[in-house]
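Under this note's numbering, think of the first position of the sequence shown as 1, with each following residue one higher. Following: one structure in C-alpha cells, then a few remarks.
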Amino acid sequence: FRSQKSIEECLADELIAAASNDPKSYAIAKKEETERIALSSR
Numbered sequence: 001f002r003s004q005k006s007i008e009e010c011l012a013d014e015l016i017a018a019a020s021n022d023p024k025s026y027a028i029a030k031k032e033e034t035e036r037i038a039l040s041s042r
C-alpha cells in the first residue's frame, strides 16, 4: 500500500480501465482468465 489514493480515485481508475478493456482492470483480467480456462477445458 504505497500510494495513498482515496476510494473514489481507485474506483474511478477501475471503471475507466474496465471501460477501455485495459487488462490492468481487475474485472477484465478476471474475465480473460475465465475465458482462457474455459477454452482449455473444451
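No residue lacks a Cβ here, since even glycine has one placed at the ideal position from N, Cα and C.
Host alpha helix (DSSP H) of R36 (start-end): Residue range 26-40 is occupied by the alpha helix (DSSP H) that includes R36.
Identify, in the order they occur along the chain, each residue of the same chain with its Cβ nearer than 6 Å to the Cβ of K31, setting aside the five sequence neighbours on each side. Excluding its 5 nearest sequence neighbours in each direction, K31 has no C-beta neighbour in its own chain below 6 Å.
Span of the alpha helix (DSSP H) around D22: It is not in any alpha helix (DSSP H) - D22 carries neither H nor E in the DSSP assignment.
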